[in-house]
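Input: a single structure, listed below in structure tokens.
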Amino acid sequence: MKIGPTLLVLASGLILFSGSRGLASPALAQEPATFQPPSDSEIPSDPFGNLVRKGERIFTQTRTYAGKYVGNDLTCESCHLDRGRKPYAAPLWGAYVSYPRFRSKNHKVSRLGERIQGCFRFSMNGTPPPLDSDIIRSLVAYSFWMSRGAPVGVKLAGARMYKMPPPHRTPDPFRGKKVYAAKCALCHGADGLGTTSGHDVAFPPVWGPRSYNMGAGLAKVSKLAGFVKMNMPLSKGSSLTDQQSWDVAAYVDSQPRPADPRKRQ
Amino acid sequence: MSLLLRRTVASLCLSVFFLTSTAYAGGSMDWGKKIAEEGNGSPGSVACMECHRLNGGGMPSIGSPRIAGQTAFYIEHEILGVQKGTRYAPVMAGVVQNLSKSDIRAVALYYAGVRTPKLPDVSPPDPALVALGKHIAQKGLWKKNVPACVLCHGPNGRGIPPHFPYIEGQNKGYLLRQLVSFAFLKRKDDPQGLMRGISRRLTQRERKAVAEYFASLNPPATSSHKK
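Set out below in structure tokens:
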């Protein structure tokens, strides 16, 4: 990604520029540092703060706090890593400042609450909680709090999933299967169904009946490739080549998973 | 019950059959226990219990790890790693060279099946370090690309069988030594270099903190470690 001088000027003061990020891959070395959300200790101890904390609990332990709206083994954090803070994992600080937004998925201008409903329906393979419910209000409050200080109306570096440059070769599930066996099966299982620790889901399923459904964002190979490129294997983001990310995404998304609810009816 | 008598108790063998594939021979458990107690009989062989105790509680005073209830898969993987030299183990390297593959399997099976309470550690937990360690363990240090330890080691570090060992209730001297040897790339048996990467990105104080935190917990109690 090239950063124009105007954007840099715009961003100076709002976004810290960091030249040496020892951990980032060489490919990303010239990218600007991403927005830093406020830390936990800054959550106020008042009714608003309580709502924020509640939002965080729902986000990280979705089944416990919003169980009846969840239809699989995932939590919001399964894809929005670091409690919704991690850049290039569709962070909540990037979300709050970019809604209402026009979405081509349903050809309407959506509010943030409606966008969150979408993740319940597709990514969580569940039912959307009502817009005026405590659950949606807490999640929106959590997102609002996290975006404090973020500029509105510019696309922040690290917001949403990483957008992959087009693949050199058509993504191939057969090559992807090899990548999966070498880099993913350790945690998500050779059968893709995830791994448990005692009775708890430890590594989430990446396909099968307890994973995201065919209507979810990650069911699109390009979105999944961008997610994997930046975030997987866990703690080794950007270690796969672009082609490996495309191929493994094509493989994972070629596996069975629940149908798109819009087509089930 | 005398040790000799115990060896013949069939129920132990049976429960092991439950836990594992039938690839393990029936006498394997007895043999595993014998190696733990006396070594495998070859010249220079040393009994595991001298350092890990018969029930696998380890010895906090010398930083010898608790191994009771780790998965047989993991125990086997570590000993093979020690033999090959990929698993840094300055103390143990000298005592496992003469074990055959089937010896290793037998003794791994034995220790995977035993349970034992936590032994007192060398010093009480340091509250400031425990607090920092808890934060890293439960939430991670994502600014340095360090995920929460519990994502890979299970809730409170109780393990995710078969590849991810439990670290909950392990002794602090051992934990810290492992983190340091991962960080300085001496221990290199971790799949995909995951622990080397993570430990290298922590400061020494952070490594101490997570060691203090996990050592302050109780080890996983029951047989949640199947497979």
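Going down the list, the protein sequences come from chains W and V. The first sequence begins at 892 in the working numbering and counts up by one. The second sequence begins at 242 in the working numbering and counts up by one. Yeah, the Cβ is synthetic: ideal placement off N, Cα and C, and Gly gets one too. Everything numeric in this text was worked out from a predicted model, so none of it was measured.
Presumed contact (8 Å Cβ cut-off) between residue 976(W) and residue 929(W), rounded CB distance: On the first sequence, position 85 is the one that residue 976(W) refers to. On the first sequence, position 38 is the one that residue 929(W) refers to. The C-beta distance from residue 976(W) to residue 929(W) rounds to 10 Å, too long to fall under 8 Å, and the pair is not in contact.
Which residues DSSP lists as bridging residue 1091(W), in chain order: In the first sequence, the residue the question calls residue 1091(W) occupies position 200. BP columns for residue 1091(W) point to 1088(W).
Closest residue to residue 432(V) among 352(V), 301(V), 276(V) and 404(V) (Cα-Cα distance): Counted from its first residue, the second sequence places residue 432(V) at position 191. Ranking the options by Cα distance to residue 432(V), first place goes to 404(V).
Positions along the stretch 1061-1093 of chain W whose CB lies within less than 9 Å of some CB in chain V: 1073, 1074, 1077, 1078, 1086, 1087, 1088, 1089, 1090, 1091 and 1093
Delimiting residues of the beta strand (DSSP E) encompassing residue 359(V): Translated into the one-based positions of the second sequence, residue 359(V) becomes position 118. For residue 359(V), no beta strand (DSSP E) encloses it, and the DSSP letter there is neither H nor E.
As assigned by DSSP and simplified to three states, the class of residue 1007(W): The count along the first sequence starts at 1 and reaches residue 1007(W) at position 116. In this structure, residue 1007(W) counts as helix in the three-state DSSP scheme.
DSSP three-state assignment for residue 333(V), whether helix, strand or coil: As a first step, residue 333(V) is located in the second sequence; it is residue number 92 there, counting from the start. Three-state DSSP puts residue 333(V) in coil, outside helix and strand.
Status (buried if at least 16 other CB within 10 Å, exposed otherwise) for residue 378(V): For the purposes of this step, residue 378(V) is taken as the residue at position 137 of the second sequence. Classification for residue 378(V): buried.
As assigned by DSSP and simplified to three states, the class of residue 275(V): Residue mapping note: residue 275(V) aligns to position 34 of the second sequence, counting from 1. Looking at residue 275(V) - three-state DSSP - the assignment turns out to be helix.
Complete runs of the alpha helix (DSSP H) confined to the stretch 944-997 of chain W [at least 4 residues]: 953-957, 972-975 and 983-987
Nearest-angstrom Cα separation, counted from residue 1075(W) out to residue 401(V): As a position in the second sequence, residue 401(V) is number 160, starting the count at 1. As a position in the first sequence, residue 1075(W) is number 184, starting the count at 1. Taking the straight line joining both Cα atoms gives about 15 Å.
Under the three-state DSSP convention, the category residue 246(V) falls into: In the second sequence, counting from the first residue as 1, residue 246(V) sits at position 5. Low confidence applies to residue 246(V): its pLDDT is 41, below 50, so where it sits in the model is not reliable, and the reading given next is rough at best. Reduced to three states, the DSSP call for residue 246(V) is helix.
Cα-Cα separation between residue 1142(W) and residue 1068(W), rounded to whole angstroms: Taking the first sequence and counting its residues from 1, one reaches residue 1142(W) at position 251. Taking the first sequence and counting its residues from 1, one reaches residue 1068(W) at position 177. Going by the C-alpha atoms only, they are around 6 Å apart.
Chain V contacts made by the stretch 962-995 of chain W, where a contact means CB separation under 9 Å: Result list: 972, 973, 974, 976 and 977.
6 Å CB neighbourhood of residue 390(V) in its chain, flanking five on each side removed: As a first step, residue 390(V) must be located in the second sequence, where it is residue number 149. Excluding positions up to five away in sequence, the list reads 378.
CB contact below 8 Å: residue 1125(W) versus chain V: As a working note, residue 1125(W) is residue 234 in the first sequence. True, the Cβ-Cβ gap to chain V drops below 8 Å.
Chain W within 8 Å of residue 392(V), Cβ atoms only: Taking the second sequence and counting its residues from 1, one reaches residue 392(V) at position 151. Interface residue, yes.
Three-way DSSP call (helix, strand, coil) for residue 303(V) in this model: One-based indexing of the second sequence puts residue 303(V) at position 62. In the structure shown, residue 303(V) sits in a helix (DSSP, three-state: H, G or I).
Beta-carbon proximity list for residue 414(V), same chain, < 7 Å, skipping 5 on both sides: Here residue 414(V) corresponds to residue number 173 of the second sequence, with the count starting at 1. Spatial neighbours of residue 414(V) in its own chain (CB-CB distance under 7 Å, excluding positions within 5 residues in sequence) are listed in chain order as 301, 304 and 363.
Which of helix, strand or coil DSSP assigns to residue 1105(W): If you number the first sequence from 1, residue 1105(W) lands on position 214. In this structure, DSSP gives residue 1105(W) a state outside helix and strand, which the three-state scheme calls coil.
DSSP bridge partner residues for residue 382(V) (one or two, in chain order): Looking up residue 382(V) in the second sequence gives position 141. DSSP output for residue 382(V) lists 387(V) as bridge partner(s).
Residue 999(W) - containing beta strand (DSSP E), residue span: Here residue 999(W) refers to the residue found at position 108 when the first sequence is read from its first residue. First-last of the beta strand (DSSP E) with residue 999(W): 999-1001.
C-beta neighbour in chain W for residue 404(V), strict 8 Å: Start at 1 with the first residue of the second sequence, and residue 404(V) comes out as number 163. Output row for residue 404(V): interface = yes.
Below-8 Å beta-carbon distance, residue 396(V) vs any chain W residue: For the purposes of this step, residue 396(V) is identified with residue 155 of the second sequence, where counting begins at 1. So yes, residue 396(V) belongs to the interface.
Counted within 10 angstroms of its Cβ, other Cβ atoms place residue 423(V) as buried (16 or more) or exposed: For the purposes of this step, residue 423(V) is taken as the residue at position 182 of the second sequence. It counts as buried.
Supposed close pair residue 459(V), residue 306(V) - CB separation, criterion 8 Å: Residue numbering aside, residue 459(V) sits at position 218 when the second sequence is read from its first letter. Residue numbering aside, residue 306(V) sits at position 65 when the second sequence is read from its first letter. That belief does not hold up - the Cβ atoms of residue 459(V) and residue 306(V) are roughly 16 Å apart, past 8 Å.
Residue 356(V) at chain W interface by Cβ criterion, 8 Å: For this step, residue 356(V) is matched to residue 115 along the second sequence. Not an interface residue.
DSSP three-state assignment for residue 308(V), whether helix, strand or coil: What you label residue 308(V) is simply residue 67 of the second sequence in a count that begins at 1. Three-state DSSP puts residue 308(V) in coil, outside helix and strand.
Min CB distance residue 399(V) to chain W below 8 Å: As a working mapping, residue 399(V) is identified with position 158 in the second sequence. Answer yes: the Cβ-Cβ gap between residue 399(V) and chain W drops below 8 Å somewhere.
Assumed close pair residue 1013(W), residue 1122(W) - CB separation to whole angstroms, cut-off 8 Å: To locate residue 1013(W), count along the first sequence from 1; it is residue 122. To locate residue 1122(W), count along the first sequence from 1; it is residue 231. That pair is no contact at about 19 Å.
Continuous alpha helix (DSSP H) stretch holding residue 437(V): start and end: On the second sequence, residue 437(V) is found 196 positions in, with the first residue counted as 1. 435-441 is the span of the alpha helix (DSSP H), which, as asked, contains residue 437(V).
Neighbourhood of residue 984(W) by C-beta distance below 6 Å, restricted to the same chain and skipping five residues each side: As a working mapping, residue 984(W) is identified with position 93 in the first sequence. Hits under 6 Å: 926, 928, 1037, 1038 and 1041.
Proximity test, Cβ basis, 8 Å: residue 386(V) and chain W: Along the second sequence, one-based indexing puts residue 386(V) at 145. For residue 386(V), at least one C-beta of chain W is nearer than 8 Å to its own C-beta.
C-beta contact flag for residue 353(V) and residue 310(V) at 8 Å: For the purposes of this step, residue 353(V) is taken as residue 112 along the second sequence, with counting starting at 1. For the purposes of this step, residue 310(V) is taken as residue 69 along the second sequence, with counting starting at 1. Yes, the pair counts as a contact, with Cβ atoms nearer than the cut-off.
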